[in-house]
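Heads up, the thing below is written out as structure tokens.
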Amino acid sequence: MPIHFMKNVACFKEVCTVEEAELLLQWLQDQPRGKVKLKECTHVHTAIVQVLLAARVMVTLPPADPDLARWLMPVLQSRS
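Numbering (the working numbering), first residue to last: 9 to 88.
In structure tokens, the structure reads:
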């Protein structure tokens, strides 16, 4: 599974597709203070980005992939 859900943190790994968006939304509704770690993520579907933006999730670790981090992190940080 590309997203590993723990009690307060969701860890993204490798390619996260549209199929994970609904699971992420449900988890964030159950964990309103949930955080995400994107360090091991190499691709994220725009549906997941929309969920992260709507939930105003705190990212504890940005993607290690520099190209992904370069476009994703400014988008997620601009929602504040």
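Yeah, the Cβ is synthetic: ideal placement off N, Cα and C, and Gly gets one too.
Chain C within 9 Å of residue i, Cβ atoms only
i: Lys-21; result: Looking for chain C here will not work: only one protein chain is present.
One or two residues paired with residue i in a DSSP bridge
i: Lys-45; result: Cys-19, Leu-69
Residue burial classification, residue i (beta-carbon count within 10 angstroms, cutoff 16)
i: Lys-15; result: exposed
i: Val-116; result: With the chain represented from 9 up to 88, any question about residue 116 goes unanswered, as that position is not in the structure.
i: Pro-40; result: exposed
Where the beta strand (DSSP E) containing residue i begins and where it ends
i: His-12; result: 11-13
Inter-residue spacing [alpha-carbon to alpha-carbon] between residue i and residue j
i: Val-23; j: Pro-10; result: 6 Å
i: Gln-4; j: Leu-32; result: There is simply no residue 4 to check, as the chain begins at 9 and stops at 88 in what is shown.
i: Val-44; j: Gln-34; result: 14 Å
i: Val-17; j: Val-67; result: 9 Å
Alpha helix (DSSP H) segment containing residue i, residue limits
i: Pro-74; result: 74-85
i: Thr-25; result: Where Thr-25 is concerned, there is no enclosing alpha helix (DSSP H), given that its DSSP letter is neither H nor E.
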